[in-house]
Every structure is written in structure tokens, then in C-alpha cells.
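Numbering (full-length UniProt numbering), first residue to last: 1 to 445.
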Amino acid sequence: MHTTEPRPMSARKSDALSGRARVPGDKSISHRALMFGGLAAGETRITGLLEGEDVLRTGEAMKAMGATIEKHGDEWIATGTGNGALLEPKEPLDFGNAGTGVRLTMGLVGSYDMTTRFIGDASLSKRPMGRVLDPLKEMGLQVVSAEPGDRLPITLRGPKHAAPISYRVPMPSAQVKSAVLLAALNTAGVTTVIEPVATRDHTEKMLAGFGATLEVETDADGARHIRIEGQPKLIGQTIAVPGDPSSAAFPLVAALIVPGSEVVIENMLMNPTRTGLVTTLMEMGADIEILDRRNEGGEDVADLRVRGSELKGVTVPEDRAPSMIDEYPVLAVAASFAEGDTLMQGLEELRVKESDRLSAVADGLKANGVDCEEGEASLRVTGRPGGKGLGGGTVQTHLDHRIAMSFLVMGLATEKPVTIDDQAMIATSFPDFTALMTRLGAKLA
């Protein structure tokens with residue numbers, strides 16, 4: 001997939017950004033819409049789907065297991081196999097760079113009496129899968145073969161009859177929680193996932209919408225107990241995918257750091273498990289107005305009006321990390337223009353993303369003149385209001401789309417341009433990024 005020559009790109013100081021931006025559909029919800037649509041009986045109609053490479057890989061995997069998924073105009077139509085009726089794929093399932101897709105699908109097939117092989121690109125093949133496989137093994141899954149450290153390529157063999165479990169998730173991870181809930185769909189009895197720290201809850205919300213019986217209770221210690229009854233009948237639904245907060249983060253931060261900007265971001269998902277970045281930026285003094293809050297398909301949605309702002313450094317509470325884990329790179333960019341220090345903690349998860357995202361961010365900041373301190377699971381950024389003396393460096397993206405987009409945003413407000421070593425992987429999550437940012441007035445080339 002990444003055999004082509006790298007295509008560098010630079011961003012340079014831009015005049016005030018203005019206009020309206022509609023970002024691609026939420027990635028988490030898009031993956032799940034294709035999965036559940038491919039599983040549920042009857043037809044699922046999806047609008048607003050993120051048509052990035054990662055999500056389309058999930059669709060291809062569902063087709064390989066018997067679902068029909070086709071695009072008609074602006075709508076994607078999935079005709080599912082019926083819960084419990086997935087077919088053994090004839091070929092390995094190739095997930096490219098899609099960490100969410102591969103981990104959730106491992107859960108989905110983990111309770112089926114069949115053999116499934118998972119492969120991916122060089123970046124995905126470095127990412128550990130053990131955290132998802134551990135609970136699935138308790139349900140009866142066998143790992144037939146894997147690379148050292150439970151890495152791809154991996155071949156899995158499901159049990160004749162999976163056993164329901166009660167599983168306490170050892171780290172905040174929506175992917176691990178979701179994998180267990182998906183395995184429970186083909187497992188008789190009640191499976192329970194105990195989540196000490198709440199993470200994004202799209203799987204629970206969407207499964208309930210498709211007809212699964214779920215109960216969620218919070219105990220005295222604040223842990224969520226999610227119980228799901230196995231082998232439910234799932235029925236196709238109509239889904240409108242709201243805008244992805246992780247993608248909206250880029251035009252949002254760009255509008256804050258480029259003086260005089262005013263941008264409206266339309267149709268953004270405002271699920272409280274996903275809005276940590278907006279909360280943090282507002283604590284830093286960001287001028288963000290939340291307009292027209294509404295509910296669409298069980299999810300909270302709103303438009304955001306964002307204006308150029310003078311930001312101040314803050315300490316981001318550690319327990320906010322799960323609600324903004326993908327947004328720390330672009331928050332670090334915002335912090336580079338804030339007065340004083342911004343301290344981010346609880347960032348262990350960033351070390352096992354598409355790249356070691358924590359080191360990649362720190363290296364990129366240093367290459368562009370920003371004072372920062374990288375800890376084992378923390379990052380301290382000392383900002384320079386107005387971006388004085390910043391920029392002029394080239395950032396190693398490590399094939400990571402969020403590193404690429406974050407540093408292109410940075411270059412819009414630094415004195416000297418910021419260059420990234422390769423733009424190719426931006427298409428995995430935000431194919432329209434360059435065009436959208438250019439329409440708002442960003443200078444990218």
C-alpha cells in the first residue's frame with residue numbers, strides 16, 4: 001500500500017480562515033455501521049459514511065463473510081447475513097492500516113466455529129493484538145498462528161460453542177470492550193464487560209438500536225457494567241453518520257490559532273465520550289460556540305462556531321484521555337501557540353497507535369522550535385503566542401495520518417512553513433482534508 005514514493009507537503013502562514021466546513025462521517029460509527037449492517041437481517045441504509053480506506057476495508061471484510069454492501073448515490077446499502085450466520089472467509093481479511101476494523105472484526109468472528117486469517121500493512125503489522133485476544137481466548141478462541149507479540153498476520157480458530165464471560169477491561173479501550181460485546185453476539189447466555197473508566201459507547205448504542213438486549217449499570221466505584229444477552233436477532237436500520245470529532249479537530253484548531261479566523265463546523269458528533277478536546281480548548285480560552293444541539297439516530301450532534309483565540313496553557317486531567325485520545329497531537333499543536341505550559345497526562349495509549357504517537361508529536365514539535373518535554377505517558381508543551389520563531393522543520397509522519405494533519409495545521413500559524421515527509425496516508429481517515437482546508441483559506445502545497 002505504501003510502496004509509492006513519499007509525497008511531502010508544506011503548510012505556510014495563512015490569512016484569517018473563514019467559511020463552513022462539514023467534516024467526514026465519524027470513523028468509529030462508520031466502521032460499526034458497516035459491521036452491524038453486514039450482520040443484521042434485512043437492509044441497513046447508511047448516509048454520511050466515512051469513505052476512507054480504513055472503513056472500506058471493514059466493508060470488504062464483511063462482504064468476504066457473506067454480506068452484500070453496495071453504494072447507491074449518496075447512500076450505502078448493506079444486506080446482512082443475519083446474526084450467527086457469517087461465512088468462513090476463503091481468503092485472508094486484509095485490513096490495510098485499520099486498527100479499529102481489525103480488532104472489532106476479531107471480536108465478531110471470535111465466537112464462530114471457523115478459521116479466519118487477518119493481515120495488514122507494515123504499520124498495522126507492528127500493532128499488538130493481545131489485549132483483544134486475551135478475553136476472546138477466555139470465550140474459547142484459539143490463536144492458530146501469530147507473529148511475536150500477538151502481531152499480524154494472525155490466524156484465529158473459533159470454538160464450536162463459545163462460553164459467555166465476565167471480563168474486567170484492564171485499560172481504557174473501546175476496542176477491547178467492543179470486541180467482547182461483538183463476540184457475545186454469537187455466544188449463548190449473558191456476557192458482561194466491566195469498564196472501570198468509561199470509553200466511547202458507540203458499540204452499545206448501536207447494538208441496542210439494531211435490537212440487542214443490553215443493560216448498562218454504573219457501580220459505586222463509577223465502573224460501568226455492560227451486560228448483553230447472546231444470540232439476539234439483529235434487524236437492519238437506517239443510520240445517518242454524524243461528523244467525526246477527531247477530523248473536526250483539524251479545522252477547529254486551525255481556526256483558533258490563525259488570528260481573525262471564523263469557521264463553522266457543521267454536523268459534529270457531540271457524544272460526551274468524544275468531546276474532551278472541545279472541553280480542553282474552552283478551558284484554554286478558545287472562542288467556541290455550540291449551535292443547534294440536536295439528536296440524530298441516538299447520537300448528540302451540533303454545529304460549532306470557532307473564532308481565532310488567544311489561548312492559555314492548562315493541565316489536562318488524566319481521566320479525560322479516553323474521550324480525546326486521538327486528538328492529543330492536534331492539541332499539542334494548539335498548545336504550541338498558547339501562553340505558558342500545557343501538561344497532558346495519561347497518554348500510554350498513544351504509544352500503540354498508528355505510530356508511537358507520543359514520540360512522533362514531541363519530535364515534530366522540537367523540529368519546529370517548540371519547547372516540549374516528553375515523559376513516559378505525558379507531554380509538556382511550552383507555547384509561544386503568535387508562533388514567534390516557530391516552524392521551518394520537516395516532520396516525520398511515520399505513516400500516521402493524524403501526525404500529518406496536525407503538523408499541517410501548525411504551519412498555518414508559524415513564522416516559517418512546516419513540512420511533512422508524506423501526505424499519502426491522510427486518505428485513510430480524511431480524503432477531503434486538503435481541499436476542505438484550502439477552501440477555508442489554508443495555504444497548503
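No residue lacks a Cβ here, since even glycine has one placed at the ideal position from N, Cα and C.
Being a predicted model, the structure only gives us computed values, none of them experimental.
With a cutoff of 9 angstroms on beta-carbon distance, K137 and V143 are scored as near each other.
In the three-state reduction of the DSSP assignment, G84 falls in the coil class.
In the structure shown, G158 adopts coil according to DSSP, grouped into three states.
Judged by DSSP secondary structure, A33 falls within the alpha helix (DSSP H) whose first and last residues are K27 to L39.
Residue state for A220 is assigned as coil, using DSSP reduced to three classes.
Residue environment for D94: buried (at least 16 other C-beta atoms within 10 angstroms of its C-beta). Across the structure, D300 and L185 are spaced so that their CA atoms are roughly 26 angstroms apart.
Spatial neighbours of A85 in its own chain (CB-CB distance under 8 angstroms, excluding positions within 5 residues in sequence) are listed in chain order as G66. Around R351, the same chain offers L358 as residues with beta carbons nearer than 6 angstroms, after the five sequence neighbours per side are excluded. The stretch 422-429 makes no contact with the stretch 12-23: fewer than 3 CB pairs, one atom from each, lie closer than 8 angstroms. Contact annotation, L133 with A442: C-beta distance approximately 42 angstroms; criterion of less than 8 angstroms not satisfied. By the Cβ test, the stretch 376-386 is not in contact with the stretch 220-229, since fewer than three Cβ pairs between them sit closer than 8 angstroms. According to the DSSP assignment, H72 belongs to no alpha helix (DSSP H) but to the beta strand (DSSP E) extending over T68 to H72.
Scanning the stretch 360-445 from its first residue to its last, the whole beta strand (DSSP E) runs of 3-plus residues come out as 371-374, 378-382 and 418-420. For F250, the closest C-alpha among the options G73, R293, V176 and Y328 is that of Y328. In this structure, R57 lies away from I77, with their beta-carbon atoms at least 9 angstroms apart. Scanning E296, D219, A302 and R380 for the CA closest to the CA of I288 turns up A302. Between the stretch 97-115 and the stretch 161-175 there are three or more inter-stretch CB-CB distances shorter than 8 angstroms, so the stretches are counted as touching. Rounded to whole angstroms, the separation of the alpha carbons of S111 and M62 is 15 angstroms. Listed as beta-bridge partners of Q231 by DSSP are no residues whatsoever. Cα atoms of E283 and R305: separation of roughly 16 angstroms, rounded to the nearest angstrom. Here the stretch 208-228 makes no contact with the stretch 270-281; the two share fewer than three CB pairs at distances below 8 angstroms. Contact check for T100 against G38 fails: the beta carbons are separated by 9 angstroms or more. By the C-beta density criterion, H401 is buried, having at least 16 other C-beta atoms within 10 angstroms.
The closest CA to that of G340, considering only P259, P242 and V314, is found on V314. Under the three-state reduction of DSSP, R131 is assigned to helix. In summary, H398 is buried, with 16 or more beta-carbon neighbours lying within 10 Å of its beta-carbon over all protein chains present. The beta carbon of I290 lies closer than 7 angstroms to those of A302 and L304 in the same chain, with the five residues before and after it left out. When only Cα atoms are considered, A413 and E204 end up about 40 angstroms apart.
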